[in-house]
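A.B. asks: Have a look at the structure that comes next, please.
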Amino acid sequence: MRKARKRIESQRKTEKGFTLIEVIIATLMIGIAVTPLLNLFAASQFHAAKAQQYLTAANLAQAKLEEIKDKAYHEVVSNSGKTPFPNQPAFTYTLSVVPGSRAGTKTVTVTVYWTSLQGEEHLTLTMEKVIR
Numbered sequence: 007m008r009k010a011r012k013r014i015e016s017q018r019k020t021e022k023g024f025t026l027i028e029v030i031i032a033t034l035m036i037g038i039a040v041t042p043l044l045n046l047f048a049a050s051q052f053h054a055a056k057a058q059q060y061l062t063a064a065n066l067a068q069a070k071l072e073e074i075k076d077k078a079y080h081e082v083v084s085n086s087g088k089t090p091f092p093n094q095p096a097f098t099y100t101l102s103v104v105p106g107s108r109a110g111t112k113t114v115t116v117t118v119y120w121t122s123l124q125g126e127e128h129l130t131l132t133m134e135k136v137i138r
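All residue numbers for the sequence shown refer to the working numbering, where the first residue is 7 and numbers rise by one.
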């Protein structure tokens, strides 16, 4: 019987592997290390989406200003209220036209609005329209 017990004890000493406590500790350490990375990934996704919205708004505002550049001076007037963009219904704009700082000019301001997770956002571009 003693020989059998010694043989079992010697087998236990030579067995290789991890104990349950080692596995639990390793899992906890990996979880602690991965959690900030997941938070970083989520934050980067949020900021990428916000940057995409700003880029879209800037492109829409610039396109509207280019459209106004092609109009005759007397045709450039303010709009009333927010107007949706036909190809981007999530974005609306206002157009403000006031006399410019110099004679024969108008200051044209396009403000683009959209709704994000943080509420309503806006971006404004301004140009001077000159009599041609």
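Even glycine gets a Cβ: it sits at the ideal position worked out from N, Cα and C. Note that the coordinates shown come from a computational prediction; the quantities given were computed from them, not determined experimentally.
Quick one: using the 10 Å Cβ neighbour count with 16 as the cut-off for buried, is Tyr99 buried or exposed?
C.D. replies: Buried, because 16 or more other Cβ atoms sit within 10 Å of the Cβ of Tyr99.
A.B. asks: What residue range does the beta strand (DSSP E) around Thr130 cover?
C.D. replies: Run containing Thr130: 125-136, per the beta strand (DSSP E) assignment.
A.B. asks: Would Thr115 and Thr89 qualify as a contact pair, given that the criterion is a beta-carbon distance under 8 Å?
C.D. replies: Cβ atoms of Thr115 and Thr89: not closer than 8 Å.
A.B. asks: Tell me which residue opens and which closes the alpha helix (DSSP H) that Val40 is part of.
C.D. replies: 26-75 is the extent of the alpha helix (DSSP H) around Val40.
A.B. asks: Within 8 Å, do at least three Cβ pairs link the segment 70-82 to the segment 37-55?
C.D. replies: The segment 37-55 vs the segment 70-82: no contact.
A.B. asks: Below 8 Å, how does it come out for the segment 106-115 and the segment 123-137: are there three or more Cβ pairs, yes or no?
C.D. replies: Contact between the segment 106-115 and the segment 123-137 is present, because at least three Cβ pairs lie under 8 Å.
A.B. asks: Kindly give me the distance between the Cβ atoms of Leu83 and Val103, rounded to whole angstroms, as I take these residues to be in contact under 8 Å.
C.D. replies: The question names Leu, yet the displayed sequence has Val at residue 83. About 6 Å separates the two Cβ atoms, so the contact holds.
A.B. asks: When DSSP builds the beta bridges, which residues end up paired with Phe97?
C.D. replies: Beta-bridge pairing links Phe97 to no other residue.
A.B. asks: Going by the DSSP bridge assignment, what does Lys112 pair with across the sheet?
C.D. replies: In the DSSP output, where bridge partners are listed per residue, Lys112 has Pro105, Lys135.
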